[in-house]
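Enquirer:
In the numbering used here, the protein residues as written are 36 to 271.
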């Protein structure tokens with residue numbers, strides 16, 4: 036069998052001392068080639084054997100699964116319709132019950148210790164929360180308000196994106212000035228809604244949004260002014 040991947044180069048030095056040295060060198064090179072061929076053959080055989088074994092294990096697992104399912108079905112029939120098999124099943128269940136009772140008795144101290152540890156942890160948690168109630172309440176309020184307010188900001192941005200897309204469609208249809216006006220109008224309205232404190236839950240009831248992630252009033256005002264200038268420059 037010709038294997039194009041198995042190649043060897045035989046180099047033979049011939050000198051004036053005669054052919055003997057050349058023959059010896061040739062034999063050495065041929066021996067190297069033979070060793071390489073044997074090694075390659077062994078590797079190929081091992082790889083093929085592994086693949087065959089894997090395929091065999093797959094077939095075996097499938098067969099075992101089918102046998103398990105079938106024998107389970109047959110065992111259920113026997114336990115249901117055979118009084119002897121039913122009694123044997125009841126005896127086995129009673130034996131398992133007795134074994135579980137013995138196991139429970141042996142492990143009772145450990146189970147009690149685990150339950151006591153859980154009780155101590157729960158009591159410690161309650162004491163810690165009571166001692167830090169003000170901080171925990173503030174943290175809970177701040178976290179939940181921030182999460183809800185971020186959701187509001189996301190909704191406002193998505194709503195504004197819809198207006199921007201409408202403007203782009205108008206521009207694609209050839210109404211460039213109208214589309215630009217629609218996009219700018221949508222952007223201005225989106226900015227106004229983002230900085231409007233009435234859209235958010237502030238928690239304190241004072242109506243102050245200072246320090247909240249969505250505040251940044253100075254930056255928003257500058258962006259609004261820039262958008263208005265662009266809109267005026269476009270003739271809107």
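We put the beta carbon where it would ideally sit given N, CA and C, even for glycine.
Flag this pair as yes or no: are the beta carbons of residue 215 and residue 206 separated by less than 8 Å?
Expert: Yes, these two residues count as a Cβ contact at 8 Å.
Enquirer: Return the chain-ordered list of same chain residues with a C-beta closer than 6 Å to the C-beta of residue 201, the five sequence neighbours on each side being excluded.
Expert: The residues are 217.
Enquirer: When the Cα atoms are used, what is the spatial distance from residue 324 to residue 96?
Expert: As shown, the chain starts at 36 and ends at 271. That puts residue 324 outside it, with no answer to give.
Enquirer: Where does residue 246 sit, in a helix, a strand or coil, going by DSSP?
Expert: The predicted position of residue 246 is uncertain, since its pLDDT is 44 and thus under 50; no value can be drawn from it.
Enquirer: Taking the CB atoms as reference points, tell me whether residue 222 and residue 195 lie closer together than 8 Å.
Expert: In this structure, residue 195 lies closer than 8 Å to residue 222 by Cβ.
Enquirer: Mind checking which residues open and close the alpha helix (DSSP H) that includes residue 217?
Expert: Counting along the chain, the alpha helix (DSSP H) containing residue 217 begins and ends at 211 to 229.
Enquirer: To the nearest angstrom, report how far apart residue 179 and residue 135 are at their CA atoms.
Expert: Taking the straight line joining both Cα atoms gives about 47 Å.
Enquirer: Check whether the Cβ atoms of residue 273 and residue 143 sit closer than 8 Å, and answer yes or no.
Expert: Past the edges of the chain, shown from 36 to 271, lies residue 273, and the structure says nothing about it.
Enquirer: Work out the CA separation of residue 184 and residue 235 for me, nearest whole Å.
Expert: For residue 235 and residue 184, the distance between alpha carbons rounds to 6 Å.
Enquirer: Taking the alpha-carbon positions, what's the residue 116 to residue 100 distance?
Expert: Taking the straight line joining both Cα atoms gives about 25 Å.
Enquirer: How would you label residue 229, buried or exposed, when you count the other beta carbons within 10 angstroms and need 16 or more for buried?
Expert: Looking at its Cβ environment, which holds 16 or more other Cβ atoms inside 10 Å, residue 229 is buried.
Enquirer: Would you say residue 110 and residue 121 are within 8 Å of each other, going by their C-beta atoms?
Expert: Not a contact, by the Cβ cut-off of 8 Å.
Enquirer: With a threshold of 7 Å on Cβ separation, who are the neighbours of residue 249 within its own chain once the five nearest residues in sequence on each side are excluded?
Expert: Caution is warranted here: a pLDDT of 44 is assigned to residue 249, below 50, making its placement in the model unreliable, and no coordinate value can be reported.
Enquirer: Could you check the C-alpha separation between residue 85 and residue 70 for me, to the nearest Å?
Expert: Going from the Cα of residue 85 to the Cα of residue 70 covers about 23 Å.
Enquirer: Measure the C-alpha to C-alpha separation of residue 275 and residue 166 and round it to an integer number of angstroms.
Expert: In the structure as shown, the chain begins at 36 and stops at 271. Residue 275 is therefore absent and cannot be evaluated.
Enquirer: Please go through the same chain and pick out, in chain order, the residues whose beta-carbon is closer than 7 Å to the beta-carbon of residue 123, but skip the five residues on each side of it.
Expert: So the list is empty, once near-sequence residues are dropped.
Enquirer: Once the 5 residues before and after residue 102 are set aside, which same chain residues still bring their CB inside 6 Å of it?
Expert: Correct list: empty, nothing qualifies.
Enquirer: Going along the chain, which residues of its own chain have a beta-carbon closer than 7 Å to the beta-carbon of residue 164, five neighbours each way excluded?
Expert: Excluding positions up to five away in sequence, the list reads 171.
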